[in-house]
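Residue 36 in numbering that gives the first Met the number 0 sits at position 37 of the sequence shown; the count goes up by one each step and never skips. Just below is one structure, and these are the notes that go with it.
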Amino acid sequence: MAYALFKDNAKLSRTFPTKEEVLKKADEAGLVDNTEGKPVLENDLTVKPCAPDPEHKSDEDLDWTPNSG
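Set out below in structure tokens:
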């Protein structure tokens, strides 16, 4: 199962193999608030399961903006 970061139904990131990896990359991008010792995504962002990306993408492809993926 692959996972990605979404806002509403718009996919914002490439896919990752685990939810934890999505959260880690979102945290590195400044999109996670670690209030009360628990990571919370900002601005109504969610991690959802999704189809894997059709081709491998690297971290350089992480722009965290909506795409039509």
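Glycine residues also receive a C-beta, built at the ideal position from the N, C-alpha and C atoms.
Candidates the options, of which the one nearest residue i by Cα
| i | options | result |
| --- | --- | --- |
| residue 5 | 40, 53, 54, 55 | 40 |
| residue 15 | 45, 0, 44, 31 | 0 |
| residue 42 | 2, 7, 21 | 7 |
For residue j and residue i, the rounded distance between their alpha carbons
| i | j | result |
| --- | --- | --- |
| residue 75 | residue 38 | This structure cannot settle anything about residue 75, because the visible part of the chain is limited to 0 through 68. |
| residue 28 | residue 12 | 11 Å |
| residue 23 | residue 48 | 16 Å |
| residue 31 | residue 25 | 6 Å |
Those residues which DSSP pairs with residue i across a bridge
| i | result |
| --- | --- |
| residue 48 | 2 |
| residue 32 | 39 |
Any C-beta of chain D under 7 Å from that of residue i
| i | result |
| --- | --- |
| residue 9 | Of the protein chains in this structure there is only one, and it is not chain D. |
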